[in-house]
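Under full-length UniProt numbering, the residue at position 107 of the sequence shown is numbered 107, and the numbers go up by one with no gaps.
Notes for the one structure printed next.
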Amino acid sequence: MRGITCIVSLDQLLKQYLPAPPLQLKNRAVPDLFSNVPKFKTEKDMYEHFTLAFNQSGIFSGQIFVTTAWKPDSTDTTKRAINCGMYPTNFAPKPSQTAAGDESMRTDWSRIDLCIECKLHSTNQDPFDERKPENEPEAQERRAVLGQILSYAELVFKHQQRRFYYMLLLFRESARIILFDHSGIIVTKQVRYATEGARFTEFLVRYGRLKNAELTGHDPTAVRIEKTDPLQSLVHDYAEKSAKAGDDDYAVKLFQASLVESWPLWKLKVYDEETETDHWFAVGKPHFQAPGVAGRGTRGYVALPLDNDTGKPPLDDEGQPTGSFVYLKDAWRIDHPSLQKEGVVLQALNHAKVKYVPTALYHGDLLGQDTLSYKNWSTVRGDEKCTLKSHQHYRLVVKEIGKPLSDFDRGVDLVMAILNCIQAHEQACKAGYIHRDISAGNILLCRSKNGVWCGMLNDWELAAKYVMGEPAEVNAALGEYFILERTGTWQFLSVNCLLNKQKAVDIPDDLESIFHVLLHFAVRFLPHNIKDDHVGLFLYRYFDDYSESYAGSTCGPQKYDAVKQGEIDLTLLTNGAGVIGGVTKQDLLHFYVSVLTPTQSGSDNAKPASHPINGLLSAVLEWFKGYYALGKPKALPETSPKTAPATGRLDLTALADGDEDLLAAIQASAQSTIPAPAEVTSHAATEEEATALPTVADDVMVNQDAREKMTHRAFKMEFVKHTYRIGWPQADKGADKRAKSLIIPKKVAASVVADPSLRSSAQMNSTKRKQGKNEDSAAKRRKGPNV
């Protein structure tokens, strides 16, 4: 959260964020609710006093303050409960008793309208420190409180449809008012009850008197479907009828799974900027929801289109479903002139007939829904440089509903899905866009027209305009190539991008990211020589780890060594593969066609056959070695690993539809005469120009070889070579070996803000997090897969 907190006076907040004339209550001044605050001894004394005082004031019509300190929301897996809050009277939590006999209500994150947290000490429990850079505290207790209030704000944004949200942080003698939105945090200086109690009361009265829910931060384009609303039952009936139709549709199952009793249903409006029309959709629990408060806050829904005339699900004359479920993406996109809207990018790719990408149906910004903290920066901070990013609320609807790549059936299916995405990436670059955010969560499986599950390259929100044949730096200079600091996802970024924060992402970087995605899923699901209880540690070291450099956080040692050495060395993880002549034997990552049993681990002869994926990984790693060597005059040896017996070649002809390079590779594979991947065609030459490296006269041929291998054509041919020629096992996929929990090494634990939303890719239920300019490097490292 570093660099996104702005501290203002109470008067500034009232003027800029909650403007209203001084209020009167029945011709008398608003009472000061903080004039006789007692000397509290416990937090319980505090929230019980304030709850009673606010409710007895008679100035909050239609609202009630409720104590919820003991019981968390039953739908919240974090089991967090805030001290108290303001609720609409009709939807306030009902009284109940705790196990200790104390009366308490259960927190309802979907209904709470104003969170209130009480802390006794205004110094060592204050999560904001004006004396420190960027107002961030350093003391552990203060940082813990910051993590606590951030988690409360995150739960509100998670369960409600919000533009922004207010929270009160009450101390023994003072308080802070906090406003959260997707750009940053606006927080008042400490408001003293003794001297500013009346003005603090004025804030509460203004807030409580706002009848327009939009002014208190609610999204006016989202309408909650209450359980008493007939549409609630119509949506459930539609889902049941769709399932009974006998269609084994993945989308129907996902939509049914989203209709959770404990989660509200919503009607969401999507404005289509191309046709200038509104479209409404019914949604349940998000299929995906990004963690955190600031940032894009992306949610993905399997959505049911509603009839524009009736507002009901589409049915035929016999009452049977007629519409198809779609995927609705709700996000607060970065609003920058050089960054394209995702829908615009997809429409361009669809028009160019790019395969294996989503089909855009509707998309558009939601009018007036930008971020207050960014918009008012200059007013409250003057000429001070703005450290926030502008975000705009945006919705996109696409036709396809994919499933996570982790649902692949066999290893060869994983490789084929990755190959599809290489094809999509190449075609997109030809059509004028480069992806720049290849990650495990951005590659999905999607059923084709003939029923085959293919890879689909998703999430084009960080895509940039790109001219084939021009280096990325030239594209950037044209003003059409938006550059963030380390654009993409930390775990899957290329080593070059991790080493250079300002590097413009180019084709070799995205191709390397694709390789890292392949490796990620292979290690999680295929048999190999890493013990199951150490897979999580390997994933952390390869994907999440980092090194500290002069320029801050940079690439971790495991990934760096892999691309520099052309191999994945496990020796420091496994303690070696034995001892030869008193020297520890190097242990390299190796995959097998079946699980390696304990009795097989000590003998090479007893081990299962080598998995075909070894040849593919080894070949590409050798390419990386040559590419990162720059001018080293080393030959790139071909590897011939021990492989499983052939079980029949795959029919890849359908993949080559319109792809001449792929067709040539398939035909050559059939004749067992694969042409060298570096063979230059006119198309490959344009990519060579785009991936130019510094060279010296004596190393021209070596660098030329490295450049030619870091192209779409070379990658496609190598993937075909290893999927067509070699038999792949039928049942090589096992259970997910990624750890459900992992103790993160001390250097990470010491550098990350106490924020429960930050988890590593080595853990289950990882988070999805992209990195932006001006964010803290340590805190922004995490963005795990949506799987």
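Even glycine gets a Cβ: it sits at the ideal position worked out from N, Cα and C.
| Check | Outcome |
| --- | --- |
| Since MET46 contacts LEU168 with CB under 8 Å, what's their CB separation in whole angstroms? | About 11 Å; that fails the 8 Å criterion. |
| Can you tell which of ARG410, ALA239, SER513 and MET468 has its C-alpha closest to the C-alpha of GLY727? | ARG410 |
| Once DSSP output is grouped into helix, strand and coil, what is the label at SER513? | helix |
| Taking 9 Å as the cut-off, decide whether the C-beta atoms of ARG172 and SER110 are in contact. | no |
| Consult DSSP for LEU25 and reduce its assignment to one of helix, strand or coil. | At LEU25 the pLDDT is 45, less than 50, meaning the model places this residue with poor confidence; the figure from the coordinates comes in the next sentence. LEU25 falls in the strand class under three-state DSSP. |
| First and last residue of the beta strand (DSSP E) that includes PRO313? | No beta strand (DSSP E) contains PRO313, which DSSP labels as neither H nor E. |
| Under three-state DSSP, which class holds GLN427? | helix |
| Using CA atoms only, rank isn't needed, just tell me which of ASP129, ASN458, PRO264 and GLU384 is closest to LYS403. | ASN458 |
| Where does SER549 land, buried or exposed, given buried means 16+ other C-beta within 10 angstroms? | exposed |
| For the beta strand (DSSP E) that contains CYS555, what are its first and last residues? | 552 to 555 |
| Would the segment 526 to 546 and the segment 501 to 512 be scored as touching if the rule is three or more Cβ pairs under 8 Å? | no |
| Exposed or buried, which one is PRO358 when buried takes at least 16 other CB atoms within 10 Å? | buried |
| For LYS430, I'd like the list of residues in its chain whose CB is within less than 7 Å of its CB, leaving aside the five on either flank, ordered along the chain. | MET468 |
| Excluding sequence positions up to five away, which residues of its chain have a Cβ less than 6 Å from the Cβ of GLU689? | Caution is warranted here: a pLDDT of 40 is assigned to GLU689, below 50, making its placement in the model unreliable, and the coordinate value is therefore given only provisionally. Here the set comprises GLY469. |
| For SER549, which of helix, strand or coil comes out of DSSP? | strand |
| Rounded to whole angstroms, how far is the Cβ of VAL535 from the Cβ of ALA739, which I believe are closer than 8 Å? | 7 Å |
| Three Cβ pairs or more, each shorter than 8 Å: is that satisfied between the segment 377 to 395 and the segment 358 to 367? | yes |
| Using the Cα positions of HIS712 and GLU426, report the straight-line distance between them to the nearest angstrom. | 6 Å |
| Would you say the segment 326 to 343 touches the segment 291 to 311, given that touching needs at least three Cβ pairs under 8 Å? | yes |
| Counting beta carbon pairs with one atom in the segment 297 to 316 and one in the segment 193 to 201, are three or more of them shorter than 8 Å? | no |
| Any idea if ALA551 is buried or exposed, counting beta-carbon neighbours within 10 angstroms, 16 or more meaning buried? | exposed |
| Given this structure, state the Cα-to-Cα distance separating ALA629 from LYS564, to the nearest angstrom. | 7 Å |
| Below 9 Å between beta carbons: does that hold for residue 810 and TYR542? | The question about residue 810 has no answer, for the chain in this structure spans 1 to 787. |
| List the endpoints of the continuous beta strand (DSSP E) containing ARG224. | 222 to 225 |
| Please classify VAL593: does DSSP put it in a helix, a strand, or coil? | coil |
| In angstroms, rounded to a whole number, what distance separates the CA positions of VAL452 and SER242? | 22 Å |
| What does the Cβ neighbour count give for ASP383, buried or exposed, with the cut at 16 atoms within 10 Å? | exposed |
| If you draw a straight line from the alpha carbon of ILE443 to that of VAL720, how long is it in whole angstroms? | 19 Å |
| Comparing alpha-carbon positions, which option in TYR250, VAL474, LYS501 and ALA477 lies nearest THR487? | LYS501 |
| Return yes when the Cβ of LYS267 is within less than 9 Å of the Cβ of PHE281, no when it is not. | yes |
| Do ILE401 and ALA609 have their beta-carbon atoms positioned less than 9 Å apart in this structure? | no |
| Leaving out five residues on either side along the sequence, give the residues of the same chain with a beta carbon under 6 Å from the beta carbon of MET86. | GLN63, PHE65, ASP113 and LEU114 |
| Quick one: Cα of GLU273 to Cα of GLN125, how far? | 47 Å |
| Taking 9 Å as the cut-off, decide whether the C-beta atoms of LYS119 and VAL156 are in contact. | no |
| Among ASN212, SER262, THR195 and ALA213, which one has its Cα closest to the Cα of GLU226? | SER262 |
| Quick check on this structure: which residue in LEU349, ALA706, PHE34 and GLN340 has the alpha carbon closest to the alpha carbon of GLU622? | ALA706 |
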